[in-house]
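Offset between the sequence shown (1-based) and my numbering: plus 501.
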Amino acid sequence: ADTRWDRIFVDTKLPYDIDFRVGRWLVDFESDNGLYWEYDANPLYGSYRVDGFQLRKAWNTFTGTAIIARNTGYDGKWSEFSGVGDYMSYVLDLNWKPNEKFVLGATGYWNIGDAGAPDEFDLDVNTYGIYAGFKFTPAIELKGIYYFQNLGDNMPVMDDSPKAWKAVL
């Protein structure tokens with residue numbers, strides 16, 4: 502049986518209070534924002550392993566996270582169509598937490614296929630999410646996320662711009 506590292510990374514601090522991560526880790530902004538219930542196996546999108554770099558910076562109530570990575574879980578899935586099946590992943594998450602009760606944020610995932618020639622196969626997967634949450638009491642919180650995608654023209658699916666949402670109380 503093949504053995505491989507699921508997660509191995511190094512976290513460090515760069516100048517200007519920037520958090521830097523390099524290695525292999527799990528990208529899961531739904532978990533980071535508490536958008537699961539009961540157990541952690543029900544993300545609408547995300548929760549995939551990447552190999553790459555992550556930068557995170559907080560400015561008072563705003564936080565930004567940028568990721569440049571490969572091996573996103575899409576790798577190889579569409580290789581019978583494109584002949585390659587490798588993907589670069591670019592992720593940007595911005596959120597605003599003005600106090601303990603409220604959060605508002607947006608996330609963009611750009612998974613760009615390595616087809617060789619520009620747009621030869623167009624199997625890109627671009628996913629965008631908008632999320633918010635409000636705590637009524639320390640024990641009661643309403644939060645949710647809305648996703649929409651822009652899929653490549655040759656992605657073998659029925660709808661090239663699917664949408665989904667989830668709410669958690």
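All C-beta atoms in this analysis are idealised placements derived from N, C-alpha and C, irrespective of residue type, glycine included.
Treat the numbers as computed from the prediction; the structure is a model and nothing was measured.
Cβ neighbours of N627 within its own chain (closer than 8 Å, five residues either side excluded): G609, Y610, W611, N612, Q650, N651 and L652. Annotated three-state conformation of E531 is helix, per DSSP. According to the DSSP assignment, N627 belongs to the beta strand (DSSP E) that extends over V626 to T638.
Non-local beta-carbon contacts of T566 in its own chain, meaning distances under 6 Å to residues more than five positions away in sequence, involve R557 and D594 in chain order. Relative to the Cα of A640, the nearest Cα in the group D615, D512 and V669 belongs to V669. In this structure, F510 lies near R522, with their beta-carbon atoms less than 7 Å apart. Boundaries of the beta strand (DSSP E) harbouring G645: I641 to L652, taken from the DSSP string. If you draw a 10 Å sphere on the C-beta of I568, you find 16 or more other C-beta atoms in it, and that means buried.
In summary, K602 is exposed, with fewer than 16 beta-carbon neighbours lying within 10 Å of its beta-carbon over all protein chains present.
The C-beta distance from D615 to Y588 rounds to 7 Å, short enough to fall under 8 Å. Counting along the chain, the unbroken beta strand (DSSP E) around W611 starts and ends at F603 to G614. Rounded to the nearest angstrom, the gap between the Cα atoms of T504 and S662 is 37 Å. Put simply, the backbone Cα of T513 is about 20 Å away from that of W506.
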